[in-house]
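A.B. asks: The structure is given below, and queries will be raised subsequently.
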Amino acid sequence: MSKIQDLEQKLKEATDQNAEFLELLPTLESKESDHEKKIAYLEQLLQQSRSETEKVRHDSFEAGKRDEFNSGREVGREEGHVAGRQEYLQSEAYKAALAEARLQGARDFLRAPAFKIAVETKAADFHVEGFDKCQAQLEKLGGFAEGFDRNRLDPSLTANLKPYPEEAEVPMPDDEFSILIEEVEKMS
């Protein structure tokens with residue numbers, strides 16, 4: 014009987030263990046359910062985090078593409094501007110416009126009162142310089158009599174040491190050919 018008693022003992026122990034397991038089963042099931050809920054919640058958080066990370070990565074990538082595209086457009090625009098400017102500077106249109114601007118500037122300056130004053134000043138300087146050279150030549154060649162007072166010499170006086178007669182003021186013509194046209198008209 015000892016085998017039967019052993020078996021009964023083992024059966025009793027197994028039944029006790031089974032009863033303990035049965036008592037723990039609702040607790041374990043409850044814990045398992047809690048763990049499954051936690052796992053589901055953590056998986057949901059992980060999925061949200063992945064989604065946000067993917068969105069940030071995608072937005073950063075798109076912003077980088079957009080920035081590079083815009084900087085490329087700016088570089089292209091600057092290069093195009095430089096190339097277009099160089100092409101224009103080499104063109105006949107630019108050269109013609111530049112020549113016309115220079116010619117118009119020269120015409121405007123020739124018509125300006127400042128040009129008339131500059132010409133009159135330079136002419137007066139040449140007149141005085143020529144007078145001084147003539148005086149120096151006369152002196153070198155002995156053209157002045159002894160005791161001649163050279164201080165009386167004045168380039169603004171005539172040979173008789175008298176002032177030049179006043180001339181009627183001639184109006185400035187509108188263009189350089191108007192005087193010639195008037196002279197031709199008087200001849201016919």
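The numbering of the sequence shown is the numbering used here, which starts it at 14 and goes up by one.
In this text, a Cβ means the ideal position worked out from N, Cα and C, and glycines have one as well.
(1) If you compare alpha carbons, which of S169, L123, A131, G160 is closest to D145?
(2) Could you name each continuous beta strand (DSSP E) segment of 3 residues or more that falls completely within the stretch 73-114, going from the start of the chain to the end?
(3) From the DSSP output, read off the bridge partner residues of P176.
(4) What does the alpha-carbon distance come out to for the pair L59 and K44?
(5) Return the CA-CA distance between T40 and G77, expressed in angstroms with no decimal places.
(6) Roughly how many angstroms lie between the CA atoms of Q150 and L166, to the nearest whole one?
(7) Can you tell me whether DSSP reads E159 as helix, strand or coil?
(8) Which of the three DSSP states is assigned to A125 in this structure?
(9) For D138 and A131, I'd like the C-alpha separation in whole angstroms.
(10) For a minimum of 3 consecutive residues, which ranges assigned as the beta strand (DSSP E) are wholly contained in the stretch 45-76?
C.D. replies: Let me spell this out:
(1) Walking along the sequence shown from the start, residue 145 turns up at place 132. Of S169, L123, A131, G160, the smallest CA-CA separation from D145 is found for S169.
(2) DSSP assignment within the stretch 73-114 yields no whole beta strand (DSSP E) run of 3 residues or more.
(3) Indexing the sequence shown from 1 puts residue 176 at position 163. Answer by DSSP bridge pairing, in chain order: L170.
(4) For the purposes of this step, residue 59 is identified with residue 46 of the sequence shown, where counting begins at 1. For the purposes of this step, residue 44 is identified with residue 31 of the sequence shown, where counting begins at 1. A direct Cα-to-Cα measurement between L59 and K44 gives close to 22 Å.
(5) Looking up residue 40 in the sequence shown gives position 27. Looking up residue 77 in the sequence shown gives position 64. One C-alpha to the other measures close to 54 Å.
(6) Position 137 of the sequence shown, counting from 1, holds the residue named residue 150. Position 153 of the sequence shown, counting from 1, holds the residue named residue 166. Across the structure, Q150 and L166 are spaced so that their CA atoms are roughly 14 Å apart.
(7) In the sequence shown, residue 159 corresponds to position 146, counting from 1. E159: coil per DSSP, three-state reduction.
(8) As a first step, residue 125 is located in the sequence shown; it is residue number 112 there, counting from the start. Judged by DSSP in its simplified three-state form, A125 adopts coil rather than helix or strand.
(9) Here residue 138 corresponds to residue number 125 of the sequence shown, with the count starting at 1. Here residue 131 corresponds to residue number 118 of the sequence shown, with the count starting at 1. Between the alpha carbons of D138 and A131 lies a distance of about 10 Å.
(10) The beta strand (DSSP E) runs of length 3 or more contained entirely in the stretch 45-76 do not exist; there are none.
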